[in-house]
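Add 47 to a position in the sequence shown, counting from 1, and you land on the number used in this note's numbering. Have a look at the structure below before the remarks.
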Amino acid sequence: MTSDDPQLRVSKIRNGTVIDHVTAGQALNVLAILGIDGTGGEEVSVGMNVPSSRIDGKDVVKVEGRELSQAEVDVLSLIAPEATINIIRDYEVIRKTRVQRPNAVVGVIECPNHNCITNAEEPVESEFDVLDEGIRCRYCDTILREKLAAQIRA
Ligand code: CTP
Ligand code: ZN
Numbered sequence: 048m049t050s051d052d053p054q055l056r057v058s059k060i061r062n063g064t065v066i067d068h069v070t071a072g073q074a075l076n077v078l079a080i081l082g083i084d085g086t087g088g089e090e091v092s093v094g095m096n097v098p099s100s101r102i103d104g105k106d107v108v109k110v111e112g113r114e115l116s117q118a119e120v121d122v123l124s125l126i127a128p129e130a131t132i133n134i135i136r137d138y139e140v141i142r143k144t145r146v147q148r149p150n151a152v153v154g155v156i157e158c159p160n161h162n163c164i165t166n167a168e169e170p171v172e173s174e175f176d177v178l179d180e181g182i183r184c185r186y187c188d189t190i191l192r193e194k195l196a197a198q199i200r201a
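Now the structure itself:
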């Protein structure tokens, strides 16, 4: 661990997850996907438009004491296809994985169709098939293209 790294904008974390190489501008949507709005007391650091060699600029989200579910990572991949998920234990990166575009996403995203069964009073969990041009609700076939971030569950 190098504490004198001039490139380090956001402190290193001890235990938790660093979501790195996030598409610039998507950090707040990443927090929404993780259900983090600050009220839960989570220890979170966010870097926006941080210079990066691999991409023009990137966002970085660091969450102490938290690992991500596969469902969360699947949705992340849709808004941050270049992201890497780094699991940190005792300040060391013990696992680094690239997100992968999944075939389907379950939960996390709400169907924009108010009449969809996934929005009913006793809702069933949302499920979308991932297509090249967007995602499609398995229940009502509504296709969601650019507006995906707005449909992240509150
Ligand atoms: N990191 C952190 N806290 C730690 C260890 C790492 O916040 N205790 C962060 C680093 O700042 C970096 C990311 O986790 O943003 C990945 O760390 P590392 O693999 O050491 O960096 P790079 O080699 O630059 O990663 P990559 O090759 O994925 O760009
Ligand atoms: Zn639907």
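Where a beta carbon is used, it is the ideal one built from N, C-alpha and C, also for glycine. Note that the structure is predicted; figures quoted are calculated from it, not measured.
| Check | Outcome |
| --- | --- |
| Can you check which of these residues, I60, Q117 and D176, is closest to V93 by C-alpha distance? | I60 |
| If you measure from each residue's Cβ to the nearest non-hydrogen atom of the ligand ZN, which ones come out under 6 Å, in chain order? | C158, N160, C163, T165, C184, Y186, C187 and T189 |
| Below 7 Å, is the gap between the Cβ of I132 and the nearest heavy atom of the ligand CTP? | no |
| Ordered along the chain, which non-local residues of its own chain (more than five positions away) have a Cβ less than 7 Å from that of T49? | Model confidence at T49 stands at a pLDDT of 48, short of 50, so the residue's coordinates are unreliable and nothing is read from them. |
| Give the list of continuous alpha helix (DSSP H) stretches no shorter than 4 residues that lie fully inside the stretch 71 to 111. | 74 to 80 |
| Out of E111, I132 and G104, point me to the one whose CA is closest to G72's CA. | G104 |
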